[in-house]
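Take 370 as the starting number for the sequence shown in this note's numbering and just add one per residue.
The beta carbon of each residue, even a glycine, is placed where N, CA and C say it ideally should be.
Below is one structure, written out as structure tokens; comments come after it.
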Amino acid sequence: MERQPEMSATEDLILIFANGVIADLTVPASYLARARFVIAADGGIGHLWALGRRPDLLIGDLDSLPATVEQWLEDGAMAVIRHPTAKDETDLELALLHAAAHFPEAALVVCGGFGGRLDQTLANILLLAHPALAGRSVRFVEGRETAWLITEDTRIVGHLGDTVSLIPLGGPARITATTGLEWPLNDETLPFGPARGVSNRLIAAEATVRLASGVLLCIHARAY
């Protein structure tokens, strides 16, 4: 059974900063201390400037860079991959594809993937389903919330009272059984569209989801 993609102290981690909203830099800072390689997707470099940490790589069309990072660009101490503004991929997509290609065994964590424009937020979340990321440990982190895809039987580790939402993507998802959730989903098909799987709660330190078919977007919001 797969375990939710929580990071261990020894995990090989690639950290990506997107240009979304980060309300509290405490969580990104904790990941930053353990990351092997740090990528800024265009304007996401602004979060790193606030944290005082130069990225190892800046990637994108560079049309959203804050003026404060001019010094980093001028001193040449970080790698830069510039793409044309007229492109098919978003800057975050380019960052994820680069990380997937160059660090095939590493876990990928995205900070700043939420907030801002609604279209960009939705597109960012759907990048979890990108074919190039299939089978990879990829998660979006913002404050107490973590989002990732469930494609097989999974354990969700947290605390009593945590909120867990299970949202089918791209079609129905068939759940054989769950444990540790306040509202069990047993022998049930969640259709794509209705909000049946939203806002469940942990009633134990660990929940299990047995998935027979389909794909679930899991959003785990810690109570504390």
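Nearest by alpha-carbon distance to residue i: which of the options is it?
i: R405; options: R422, D393 and G540; result: R422
i: A464; options: G445, E443 and D411; result: D411
i: T545; options: L529, T520, V526 and L580; result: L580
i: N555; options: K456, R543 and A564; result: R543
i: L495; options: A574, I450, A469 and P537; result: P537
i: K500; options: G566, L518 and Q489; result: A small correction: the amino acid at residue 500 is Pro; Lys does not occupy that position in the sequence shown. With distances taken between Cα atoms, P500 lies closest to L518.
i: L497; options: A470, D432 and L466; result: L466
i: F472; options: I588, G566, I385 and D432; result: I385
i: G566; options: A516, L535, E458 and L401; result: L535
i: L401; options: G539, W441 and V510; result: V510
i: K456; options: D432, W441 and A470; result: D432
i: E458; options: I428, F483 and L487; result: I428
Is it right to say residue i is buried, meaning 16 or more other beta carbons lie within 10 angstroms of its own, or is it exposed?
i: F561; result: exposed
i: W654; result: Nothing about residue 654 can be reported from this structure: the residues present for the chain run from 370 to 593 only.
i: L491; result: exposed
i: H416; result: buried
i: R505; result: buried
i: G540; result: exposed
i: A516; result: buried
i: K588; result: Looking at the sequence itself, residue 588 is Ile, so the reference to Lys does not match. Buried is the call here.
I'd like to check one pair, residue j with residue i: are the Cβ atoms closer than 8 Å?
i: G481; j: I391; result: yes
i: A514; j: A590; result: The question names Ala, but residue 514 in the sequence shown is Glu. For E514 and A590, yes; Cβs fall inside 8 Å.
i: L382; j: P397; result: no
i: N569; j: L585; result: no
i: R508; j: E575; result: no
i: I408; j: A476; result: no
i: M447; j: D425; result: yes
What is the C-beta distance between residue i and residue j, in whole angstroms, given that I count them as a contact (C-beta under 8 Å)?
i: G512; j: L571; result: That belief does not hold up - the Cβ atoms of G512 and L571 are roughly 17 Å apart, past 8 Å.
i: T558; j: T577; result: With 8 Å as the limit, T558 and T577 do not qualify as a contact, their Cβ atoms being about 18 Å apart.
Determine the direct distance from the alpha carbon of residue j to that of residue i, and round the result to whole angstroms.
i: I414; j: P453; result: 18 Å
i: T395; j: V478; result: 15 Å
i: E462; j: L434; result: 17 Å
i: A503; j: A387; result: 20 Å
i: D460; j: P563; result: 31 Å
i: V438; j: W418; result: 7 Å
i: G527; j: D444; result: 43 Å
i: T520; j: G583; result: 7 Å
i: T532; j: A592; result: 7 Å
i: D488; j: G389; result: 12 Å
i: A470; j: R403; result: 21 Å
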